[in-house]
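Data block below; observations after.
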Amino acid sequence: MQRAKLTELEELLRFYQNARREMGEDPPDEKKINALTFECLIDYLEETLRVADEGKKKIGWFGPGITREPLLAMDIHPYRAELMVGLLPTSRPEALRKYVDIAENAGLPAEMCSIDRGAVGLILSGQLPAPSFIVGASLPCDNIVIGYQIYNSYLGVPSYHPDAPYGDDEESIRYYADQLKKMIAFMEEQTGKKMDWDRLKEIIEESNRAYEYLLETNELRKAVPCPQSGRLLTMSNFLNSVGAGLPKGTAVFRQIHEDARKRARLGQGVVEEERSRAIWFMLPTYFDLSIFDWMEQEFGAVIVMDMFSYAAIRPVDTSTPESMLRGLAVKALNMPMARQLRGPTEFYTDDLVRVCEEYRADSVIYAGHEGCKHGWGIVGLIRDTCK
7 MQRAKLTELE
17 ELLRFYQNAR
27 REMGEDPPDE
37 KKINALTFEC
47 LIDYLEETLR
57 VADEGKKKIG
67 WFGPGITREP
77 LLAMDIHPYR
87 AELMVGLLPT
97 SRPEALRKYV
107 DIAENAGLPA
117 EMCSIDRGAV
127 GLILSGQLPA
137 PSFIVGASLP
147 CDNIVIGYQI
157 YNSYLGVPSY
167 HPDAPYGDDE
177 ESIRYYADQL
187 KKMIAFMEEQ
197 TGKKMDWDRL
207 KEIIEESNRA
217 YEYLLETNEL
227 RKAVPCPQSG
237 RLLTMSNFLN
247 SVGAGLPKGT
257 AVFRQIHEDA
267 RKRARLGQGV
277 VEEERSRAIW
287 FMLPTYFDLS
297 IFDWMEQEFG
307 AVIVMDMFSY
317 AAIRPVDTST
327 PESMLRGLAV
337 KALNMPMARQ
347 LRGPTEFYTD
357 DLVRVCEEYR
367 ADSVIYAGHE
377 GCKHGWGIVG
387 LIRDTCK
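Per the numbering used here, the very first residue in the sequence shown carries number 7; after that it's consecutive.
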C-alpha cells in the first residue's frame, strides 16, 4: 500500500478538479452548492495524498459510530474506509465493479454488502491510504462489523472498537460516552499525544454550525412544494466523512440552507408541478443519482426526505470534556443507519412514521441492498407500517 499505487484517489482528485475548473471562478447561483462541495472534496483528497506521501502524520481509519472530530483534535488525518466505495461511482459508474470482483475472488461471498466487498477489493489492490490504526464501533450491522474484522486481519494495525449499546436511553448514552473516552485513550497511546480538549471544543463548535444549517434546511423541505431536489439529501453523509469540523464543510451546508430558504420564501419547488412527495428510507443510489432527476422530470415526484438526511442530531454541548463526550455519543448513535438499524425494529419504523407525517409523504421507497440482511428482515414490518 504505497503512495505510488493510489491511482484511484489521484484520478478522483483530477475528476473533481476538472469539474470545479469548468464552473469558473465565480459560478452562477445554481452551481454554487456543487462548486463548494467540490472544493471541500479537493482539499480533503489533496490532504489525504499528501499525508500518505509524507508518512509523517498518523492516518486513522474511522468507521460508523465514530465521528471525525476527536481525530481532528489530535492532529490525526481521519479517513473513512468506505469513502471510496461511495465516491468512485460518481466519477465512473462501473469503477467499483473491478474491486468487488477482486474481493469475491479472494473469498468474500457475493451476497455480502457491496460496501465491504468494494472496500476489501480496494484494500487488496493497495488503493487506500495505509492506516496507522483503526477505530470503528459495533454498528449498524453484522456486515460492517465483519468487514472491519477483515480490514484489521489483513492490514495488521492496532485497532479499537467501541461497543455500541442496543438501546437509546440515558444509561446507553453514558455507556457509549465511556466507550468513546476509552477510544480517545487508545488514540493517545497510538500517537503519544494527549487530547487537546480546547481544540476539540473549537472543532465541535464548527461542526455544530454545519449541523444547525442541515437541521434548518430539513425544516424548509417540509414546505409544499419542496424547494430542493432529492439529490441534495445525499450530502449529509458527505459532511460526516470529509467536512465536519471544517469551515469549508460548513460553507457547503450554509449554501444549501440559503438556497432552500430563498426558494421556500418564494414558494418555488424543484419541479414546476409537484405531483407526489416520496420518502426514500434506505441507501441512496450513489452509483446513479440521476434517478432523482428522472423521478422529478418524468413524474413530478420529489424525494422530500431520506434516511441519510433525517438527522436526529442536535448541537453538542461544549462546556466540559464530559459534556462533549456525551454529545459525541448521542451524535454517533443517531447517525444515519446507526440510529435506525442498530437496535429494535421500532427505531426504524417510528422514524419512518414520523418522517411521513412531518413531510406529508404520499409514498415510501425502500431501496434495500441485497446484502443488507437485517434490513430485508424487517421489510414486511415496514410495509405494514406504511399501510
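Ideal placement from N, C-alpha and C gives every residue a C-beta, glycine not left out.
Secondary structure note for Asp299: it is in no beta strand (DSSP E), and the uninterrupted alpha helix (DSSP H) holding it is 296-305. Distance from the Cα of Val163 is smallest, within the candidate group Leu186, Phe139, Asn149, for Phe139. Counting only runs of 3+ residues, the beta strand (DSSP E) found wholly inside the region 214-298 occupies 282-286, in chain order. 7 Å or more divides the Cβ of Phe293 from the Cβ of Ile309.
Comparing alpha carbon positions, the residue from Glu194, Glu52, Leu94, Leu19 closest to Ala79 is Glu194. Looking at the backbone, the Cα of Gly153 and that of Met343 are separated by about 16 Å. Apart from the 5 residues on each side of it in sequence, Ser369 sits with its Cβ closer than 6 Å to the Cβ of Ala284 in its chain, given in chain order.
Inter-residue distance for Leu55 and Gly124 is about 20 Å (C-alpha atoms, whole angstroms).
With contacts defined as CB atoms closer than 7 Å, Cys46 and Lys187 fail to qualify as a contacting pair. Spatial neighbours of Leu347 in its own chain (CB-CB distance under 7 Å, excluding positions within 5 residues in sequence) are listed in chain order as Pro146, Cys147, Tyr354, His380, Gly381.
Nearest in C-alpha terms to Ser325, of all of Ala112, Leu42, Ile210, is Ile210. When DSSP states are grouped into helix, strand and coil, Pro84 belongs to the strand group. The region 20-38 makes no contact with the region 112-119: fewer than 3 CB pairs, one atom from each, lie closer than 8 Å. Non-local beta-carbon contacts of Phe314 in its own chain, meaning distances under 7 Å to residues more than five positions away in sequence, involve Leu239, Thr240, Ser242, Asn243, Pro290, Pro342 in chain order. Here the alpha carbon of Ser213 sits roughly 14 Å from the alpha carbon of Glu222.
Per DSSP, reduced to three states, the secondary structure at Phe314 is coil, with no helix or strand assignment. Residue state for Tyr182 is assigned as helix, using DSSP reduced to three classes. By the beta-carbon neighbour count (other beta carbons within 10 angstroms, threshold 16), Tyr160 is exposed. In this model, Glu53 and Ser178 are separated by some 36 Å (Cα to Cα). In the structure shown, Ile140 adopts extended strand secondary structure according to DSSP, grouped into three states. Burial is judged here by how many other beta carbons sit within 10 angstroms of a residue's own beta carbon; Pro95 has at least 16 and is buried. Annotated three-state conformation of Ile72 is coil, per DSSP.
At least 7 Å separates the beta-carbon of Tyr22 from that of Ile39. Take the alpha-carbon of His263 and the one of Leu220: they are about 7 Å apart. Remark: fewer than three beta-carbon pairs, one from each stretch, lie closer than 8 Å, so the region 120-137 and the region 169-178 are not flagged as touching. Selection Asp357, Glu75, Val361 evaluated against Met201 yields Glu75 as nearest (Cα-Cα). In the three-state reduction of the DSSP assignment, Ser165 falls in the strand class, which pools E and B. Per DSSP, the unbroken beta strand (DSSP E) holding Ile371 starts and ends at 369-371. With 16 or more other Cβ atoms inside 10 Å of its own Cβ, Pro70 counts as buried. In the structure shown, Gly30 falls within a coil segment according to DSSP collapsed to helix, strand and coil.
Of Ala41, Cys232, Ser235, Arg20, the smallest CA-CA separation from Met29 is found for Ala41.
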